[in-house]
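Colleague: Residue numbers (this note's numbering), protein chains in the order written: chain H, 248 to 436; chain S, 248 to 436. Pasting in a structure now, in C-alpha cells, and then I'll have a few things to ask.
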DNA sequence: ACGATCCTTGACCGATCGGTCAAAATGCCT
DNA sequence: AGGCATTTTGACCGATCGGTCAAGGATCGT
C-alpha cells in the first residue's frame with residue numbers, strides 16, 4: 248500500500264478545487280479534503296505542503312480551467328462575436344449546474360494575506376487579466392474599424408469586466424437577458 | 248458593573264457588522280467580535296444568542312444601511328439620473344475607503360445553510376431587491392416616455408443589477424469609467 | 001537479496017473553535 | 001430596605017481546527 252504514489256494528482260487537485268470553490272478557504276477543513284479526495288491526511292500534507300499550498304494549487308487549476316477559457320473567448324477583432332462567446336461560456340457553466348456558484352478568485356482575494364506572497368500577487372494579477380483581454384480585444388476591434396474611433400477601450404473593458412464579475416452565480420434565464428442586453432448595448436458604442 | 252445594559256446595542260452591532268463584512272462568517276471568530284466590540288463573550292451571547300444570530304443582526308444592519316440607500320437612489324422615472332445616483336453612491340463608498348471591499352450579501356448566500364431558515368430566505372429575497380427596484384424604475388421611465396416603448400425592462404434591470412454586483416470592491420478610478428459607460432450605453436436603449 | 005527511499009496510515013499534538021455556566025454585581029420595583 | 005431580575009465576568013467545556021510524526025509496507029537501484 249505504499250512506496251509509490253497511489254493516486255492521480257490531477258484527479259485529487261480537481262476534487263480539492265471543487266471543495267475550495269464551493270466552501271471557500273476558511274470554510275474548508277482538512278477533513279473535508281480528506282473526504283473529497285479519498286486520501287489520508289498525511290498523504291495530502293506529504294504531497295502538497297500545507298492548507299495554503301493546497302489552496303494555491305487548486306486556485307491555479309481554477310485559473311487554468313475556468314479563467315483561461317474566458318480569455319480565449321475574447322480572441323479576434325469582432326467585439327460582438329467575442330462578447331457573445333464569453334456570455335455563451337458563462338451560460339453553459341450556469342446550465343451545467345455541476346459547478347459551484349461562487350467565484351474562487353474573489354474568495355482568494357479576501358484571504359490573500361494568509362497565502363504565500365507570490366500567490367497573493369499572482370491572484371491580484373489574475374483578477375485583472377479579464378479586463379486586459381477585453382481591452383486588447385476592443386483595441387483590435389477599433390483598429391479593424393468595427394468600433395468607433397472615439398471609443399474608450401479602457402472604459403469599455405472595465406465595464407464589461409464588471410458585468411462578467413457580476414453574473415457569477417446567476418441562473419441561466421436571467422443570464423440570457425444579461426447577455427442579450429450586453430451585446431445589444433455594445434452596438435451603440 | 249451589571250444589572251443594566253452597559254453598552255449601546257447599535258454601536259455594538261455596527262462593530263460586528265464591520266468584522267463580519269470584512270472577514271466573512273466563517274473567517275470571523277467570537278474572539279474577533281469580543282475584541283471589536285469591547286464586550287465579553289458571555290455578554291454577546293446573552294444579548295444576541297449565537298454566532299448565526301449575531302451574523303443575522305449584522306446582516307440586517309448591512310441591508311438597512313447599505314442596501315436601502317441603493318434602492319433609494321433608484322427613485323423617480325429618469326433612468327439616466329437614477330443610474331447616475333446609484334453609481335455615485337458606489338463611487339462615494341469606494342472613495343471612503345473606510346468600508347471593507349467585499350459584499351456581505353454574497354458571503355451570506357454562500358453560508359445561508361448555516362443560518363436559521365427565515366434568514367436564509369430573507370437573504371435570497373434581499374439579493375433580488377436591487378433588480379426589482381431597477382425594474383420598477385425602468386417601467387416608470389418607459390411609462391414617462393423616457394425609454395423606448397419596446398425596451399425590455401426586465402432584461403435591463405437584470406443587466407444593471409449584474410453591473411452593480413460586479414463593481415463591488417472596484418477602485419474609484421475604474422469605477423468612474425464603469426459609471427460613465429453604464430450611463431452612456433443606456434442612452435442607446 | 002538487501003538497504004535506501006518513498007508513500008501510506010492513523011494516532012497524536014497544542015491551539016482555537018463556538019458555546020455554557022455559576023458566581024458576583026448592579027438596578028428596579030414594591 | 002429587601003427581594004427579584006438581569007447583566008457582567010471569566011473560567012470552563014467538548015469538538016474541531018491545522019499540522020506532525022513514528023511505524024509499517026511497498027518499490028527501486030544495485
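Backbone N, C-alpha and C define an ideal beta-carbon position, used for all residues, glycine too. In this text, all values refer to a predicted model and were calculated from it rather than measured experimentally.
Are residue 274 (chain S) and residue 349 (chain S) closer than 8 Å when you measure CB to CB?
Modeller: As a first step, residue 274 (chain S) is located in the second chain; it is residue number 27 there, counting from the start. As a first step, residue 349 (chain S) is located in the second chain; it is residue number 102 there, counting from the start. No; because the gap between Cβ atoms is not below 8 Å, this pair is not in contact.
Colleague: Using beta carbons (cut-off 8 Å, strictly below), is residue 390 (chain S) in contact with chain H?
Modeller: As a first step, residue 390 (chain S) must be located in the second chain, where it is residue number 143. No, because no Cβ of chain H sits closer than 8 Å to the Cβ of residue 390 (chain S).
Colleague: By the three-class DSSP mapping on this structure, what secondary structure does residue 258 (chain H) have?
Modeller: As a working note, residue 258 (chain H) is residue 11 in the first chain. Helix.
Colleague: Determine contact between the segment 305 to 313 of chain H and the segment 258 to 268 of chain H, defined as no fewer than three beta-carbon pairs at a distance below 8 Å.
Modeller: A contact exists between the segment 305 to 313 of chain H and the segment 258 to 268 of chain H.
Colleague: Name, going along the chain, the residues of the segment 387 to 418 of chain H whose beta-carbon falls closer than 8 Å to a beta-carbon of chain S.
Modeller: So the list reads 399, 401, 402, 403, 405, 406, 408, 409, 410, 411, 412, 413, 414, 416, 417, given in the order they occur along the chain.
Colleague: Can you check whether the CB of residue 405 (chain S) is closer than 8 Å to the CB of residue 378 (chain S)?
Modeller: Along the second chain, read from residue 1 onward, the residue named residue 378 (chain S) stands at position 131. Along the second chain, read from residue 1 onward, the residue named residue 405 (chain S) stands at position 158. Result yes, Cβ atoms of residue 378 (chain S) and residue 405 (chain S) sit closer than 8 Å.
Colleague: Note down the Cα distance separating residue 408 (chain H) from residue 409 (chain S), rounded to an integer number of angstroms.
Modeller: In the first chain, residue 408 (chain H) corresponds to position 161, counting from 1. In the second chain, residue 409 (chain S) corresponds to position 162, counting from 1. When rounded, the distance between both Cα atoms is 11 Å.
Colleague: Do residue 380 (chain S) and residue 321 (chain S) have their beta-carbon atoms positioned less than 8 Å apart in this structure?
Modeller: For this step, residue 321 (chain S) is matched to residue 74 along the second chain. For this step, residue 380 (chain S) is matched to residue 133 along the second chain. Yes, the Cβ-Cβ distance between residue 321 (chain S) and residue 380 (chain S) is below 8 Å.
Colleague: Please name the residue, chosen from S:431, S:342, S:422, S:432, that lies closest to residue 334 (chain S) on a Cα-to-Cα basis.
Modeller: As a working note, residue 334 (chain S) is residue 87 in the second chain. For the residues S:431, S:342, S:422, S:432, the minimum Cα distance to residue 334 (chain S) belongs to S:422.
Colleague: Rounding to the nearest angstrom, what Cα-Cα distance links residue 395 (chain H) and residue 427 (chain S) in this structure?
Modeller: Mapped onto the first chain, residue 395 (chain H) falls at position 148. Mapped onto the second chain, residue 427 (chain S) falls at position 180. Roughly 17 Å between the two C-alpha positions.
Colleague: For residue 376 (chain S), decide whether its Cβ has a neighbour in chain H, counting only Cβ atoms nearer than 8 Å.
Modeller: Your numbering for residue 376 (chain S) matches position 129 in the second chain. No, no contact with chain H.
Colleague: Apart from the five residues on each side of it in sequence, which residues of its chain come closer than 6 Å, Cβ to Cβ, to residue 387 (chain S)?
Modeller: Here the question's residue 387 (chain S) lines up with position 140 in the second chain. The answer, listed in chain order, is 324.
Colleague: For residue 273 (chain S), go through chain H and note every residue whose CB falls closer than 7 Å to its CB, in chain order.
Modeller: Taking the second chain and counting its residues from 1, the one referred to as residue 273 (chain S) is at position 26. Within chain H, the residues near residue 273 (chain S) are 271, 273, 274.
Colleague: Spatial neighbours of residue 393 (chain S) within its chain, please: C-beta separation below 7 Å, excluding the five flanking residues on both sides.
Modeller: Here residue 393 (chain S) refers to the residue found at position 146 when the second chain is read from its first residue. Cβ neighbours of residue 393 (chain S) beyond the five flanking positions: 324, 325, 326.
Colleague: Starting from the beta carbon of residue 424 (chain S), find every residue of chain H whose beta carbon is closer than 9 Å, and list them in chain order.
Modeller: In the second chain, the residue the question calls residue 424 (chain S) occupies position 177. Simply 399, 401, 402, 403, 404, 405, 406.
Colleague: How big is the Cα-Cα spacing for residue 284 (chain H) and residue 255 (chain S)?
Modeller: Locating residue 284 (chain H) in the first chain gives position 37, counting from the first residue. Locating residue 255 (chain S) in the second chain gives position 8, counting from the first residue. About 48 Å.
Colleague: Listing by chain order, which chain H residues have their CB less than 7 Å from the CB of residue 421 (chain S)?
Modeller: For the purposes of this step, residue 421 (chain S) is taken as the residue at position 174 of the second chain. Ordered by position in chain H, the residues that pass the 7 Å Cβ test against residue 421 (chain S) are 405.
Colleague: Measuring CA to CA, which of S:336, S:300, S:291 is closest to residue 315 (chain S)?
Modeller: Counting from 1 along the second chain, the entry for residue 315 (chain S) is found at position 68. With distances taken between Cα atoms, residue 315 (chain S) lies closest to S:336.
Colleague: Buried or exposed: residue 277 (chain H), going by 16 or more other Cβ atoms within 10 Å of its Cβ?
Modeller: To locate residue 277 (chain H), count along the first chain from 1; it is residue 30. It is exposed - the Cβ of residue 277 (chain H) has fewer than 16 other Cβ atoms within 10 Å.
Colleague: Rounding to the nearest angstrom, what Cα-Cα distance links residue 353 (chain H) and residue 251 (chain S) in this structure?
Modeller: Residue 353 (chain H) sits at position 106 when you count from the first residue of the first chain. Residue 251 (chain S) sits at position 4 when you count from the first residue of the second chain. Spanning the two alpha carbons is a distance of roughly 43 Å.
Colleague: In this structure, how does DSSP classify residue 274 (chain H) when only helix, strand and coil are distinguished?
Modeller: Stepping through the first chain from its first residue, residue 274 (chain H) is reached at position 27. It is helical.
Colleague: Is residue 286 (chain H) helix, strand or coil when you go by DSSP?
Modeller: Position 39 of the first chain, counted from the start, is the residue given in the question as residue 286 (chain H). Residue 286 (chain H): coil per DSSP, three-state reduction.
Colleague: Please confirm whether any heavy atom of the ligand COA lies closer than 7 Å to the CB of residue 315 (chain S).
Modeller: You won't find the ligand COA in this model; it holds no ligand whatsoever.
Colleague: Quick check on the burial criterion: 16 or more other C-beta atoms within 10 angstroms. Buried or exposed for residue 342 (chain H)?
Modeller: Taking the first residue of the first chain as position 1, residue 342 (chain H) is located at position 95. With fewer than 16 Cβ atoms within 10 Å of its Cβ, residue 342 (chain H) is classed as exposed.
Colleague: Relative to the alpha-carbon of residue 345 (chain S), which residue among S:298, S:268, S:373, S:430 has its alpha-carbon at the smallest distance?
Modeller: Looking up residue 345 (chain S) in the second chain gives position 98. It is S:268 whose Cα lies nearest to the Cα of residue 345 (chain S).
Colleague: Going along chain H, which residues have a C-beta under 7 Å from residue 357 (chain S)?
Modeller: As a working mapping, residue 357 (chain S) is identified with position 110 in the second chain. What residue 357 (chain S) touches in chain H: 271, 349.
Colleague: So with Cβ pairs under 8 Å, would you call residue 265 (chain S) a contact of chain H?
Modeller: As a first step, residue 265 (chain S) must be located in the second chain, where it is residue number 18. False, the Cβ-Cβ gap to chain H never drops below 8 Å.
Colleague: Closest by CA to residue 300 (chain S), which one among S:286, S:279, S:272?
Modeller: Here residue 300 (chain S) refers to the residue found at position 53 of the second chain. Out of S:286, S:279, S:272, S:272 has the C-alpha closest to the C-alpha of residue 300 (chain S).
Colleague: Quick one: is residue 429 (chain S) near chain H, going by C-beta distance under 8 Å?
Modeller: Numbered from its first residue, the second chain carries residue 429 (chain S) at position 182. Yes, contact with chain H.
Colleague: What's the gap between the Cα of residue 291 (chain H) and the Cα of residue 397 (chain S)?
Modeller: On the first chain, residue 291 (chain H) is found 44 positions in, with the first residue counted as 1. On the second chain, residue 397 (chain S) is found 150 positions in, with the first residue counted as 1. Cα to Cα, the separation comes out at about 58 Å.
Colleague: From residue 338 (chain H) to residue 331 (chain H), what does the alpha carbon distance come to, in whole angstroms?
Modeller: Working through the first chain from its first residue, we reach residue 338 (chain H) at position 91. Working through the first chain from its first residue, we reach residue 331 (chain H) at position 84. The alpha-carbon atoms of residue 338 (chain H) and residue 331 (chain H) are separated by roughly 10 Å.
Colleague: For residue 408 (chain S), report the span of its alpha helix (DSSP H) as first-last.
Modeller: Here residue 408 (chain S) is taken as the residue at index 161 of the second chain, counted from 1. Unbroken alpha helix (DSSP H) run through residue 408 (chain S): 400 to 413.
Colleague: From which residue to which residue does the alpha helix (DSSP H) around residue 329 (chain H) run?
Modeller: Start at 1 with the first residue of the first chain, and residue 329 (chain H) comes out as number 82. Unbroken alpha helix (DSSP H) run through residue 329 (chain H): 326 to 343.
Colleague: So, using beta-carbon positions, are residue 402 (chain S) and residue 297 (chain H) closer together than 8 Å?
Modeller: Your numbering for residue 402 (chain S) matches position 155 in the second chain. Your numbering for residue 297 (chain H) matches position 50 in the first chain. In this structure, residue 297 (chain H) does not lie closer than 8 Å to residue 402 (chain S) by Cβ.
Colleague: In terms of alpha-carbon separation, which member of S:366, S:373, S:383, S:253 lies closest to residue 329 (chain S)?
Modeller: Counting from one through the second chain, the residue named residue 329 (chain S) turns up at place 82. Closest option to residue 329 (chain S), Cα to Cα, is S:383.
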